[in-house]
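Counted the way my numbering counts, the sequence shown spans residues 5 to 94.
Beta carbons are placed, not taken as given, at the ideal position from N, Cα and C, and that holds for glycine.
To start, the structure itself, in structure tokens.
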Amino acid sequence: MFNTNKRKSLLPSILPLSIGIASILMLSGCTNYEPVAAGKCPEVVKHAKKVLGAMAPDAKTMMADCKAATDSERGCVMAATKKGALAQCM
């Protein structure tokens, strides 16, 4: 009754385009954080501890990780409000 051949032929051309657009949006969303200098590590560690709660490592380890991180990674941590978002920063 209905010709489904046309619908099937569109899927192979639309699917890669959709995946490409979604990938670009995800990557751009994950890399545009305001840089945070290493001098602000005490604030970054405090924020990370708040987000992680009981799962947070000791402050000494977190401070060392913060100082070793890039400005963008520290910005990512400051922008994170959930554990999952924080896990993607480093």
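Leaving out five residues before and five after CYS93 in sequence, what residues of the same chain have Cβ atoms less than 7 Å from its Cβ? For CYS93, where only same-chain residues beyond five positions count, the Cβ hits under 7 Å are GLU77, CYS80, VAL81 and ALA84.
With PRO39 and ASP75 assumed to form a contact (beta carbons below 8 Å), what rounded beta-carbon distance in angstroms separates them? Sure, about 4 Å apart at Cβ, within 8 Å.
Since LYS53 and ALA60 should fall inside the 8 Å C-beta cutoff, what is the C-beta to C-beta distance between them, to a whole number of angstroms? Your pair LYS53 and ALA60 checks out as a contact, with CB atoms roughly 4 Å apart and the cut at 8 Å.
Counting only the same chain and skipping the five closest in sequence on each side, list residues whose C-beta sits under 8 Å from that of LYS71. Counting only Cβ-Cβ distances below 8 Å, and skipping sequence neighbours, we find ALA42 and CYS45.
How would you label ALA73, buried or exposed, when you count the other beta carbons within 10 angstroms and need 16 or more for buried? It is buried - the Cβ of ALA73 has at least 16 other Cβ atoms within 10 Å.
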